[in-house]
Structure formats: structure tokens, C-alpha cells
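J.: Can you keep this structure in mind? I'll have questions shortly.
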Amino acid sequence: MSTTITTAAAIAALLLAYGIVGTMDYEDAVAADRRYAEMVCAGYWPDYEDRRPDCSAAAGAISFERP
């Protein structure tokens, strides 16, 4: 009985950790995409990934289309 509870707790902890790491990875990707669009629209970087960001959007709310 104790082994079953321990195993279930370990699996739950791993799933929780996996969910947290996945969320953090997504947030990092969104931040990187936003930074890329801001730098391309400001003229500091060329659009070397050919994303064609929408530079007419308001500052801080730049959106872009992925090819």
C-alpha cells in the first residue's frame, strides 16, 4: 500500500514538473518572438527568419505571421 502511494506521488510530481517546464518554455518562446518582431520593426535586425512581422501594430503589441 505504501509503495503504491509513493509511486503515485512520484508520478504526480513528475507530471507537475513537466507541466511547469512546458509553460516556462512556451513563455520564453513567446518573449523571443516578440523581441524578434520588435527588433525587426525598429530596423535593428534584418528579417533573417523571413517572418514578415506586422510593424503597423501599436508598440508593445506587435503581431506577426509565421510562414
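Under this note's numbering, read the sequence shown as residues 345 to 411, first letter to last.
For every residue, glycine included, the Cβ atom is placed at its ideal position computed from N, Cα and C.
Nothing here was measured: the structure is a model prediction, and the numbers come from that model.
Who are the Cβ neighbours of residue 383 in its own chain at under 8 Å, not counting the five residues just before and after it?
T.: The residues are 389.
J.: For the candidate residues 385, 392, 391, 393, whose alpha-carbon lies nearest to that of residue 400?
T.: Cα-wise, what sits closest to residue 400 is 385.
J.: Using the Cα positions of residue 346 and residue 355, report the straight-line distance between them to the nearest angstrom.
T.: Answer to the nearest angstrom: the Cα atoms are 14 Å apart.
J.: Residue 380 and residue 393 look like a contact to me (Cβ under 8 Å); what is the Cβ gap, rounded to whole Å?
T.: Confirmed, about 7 Å.
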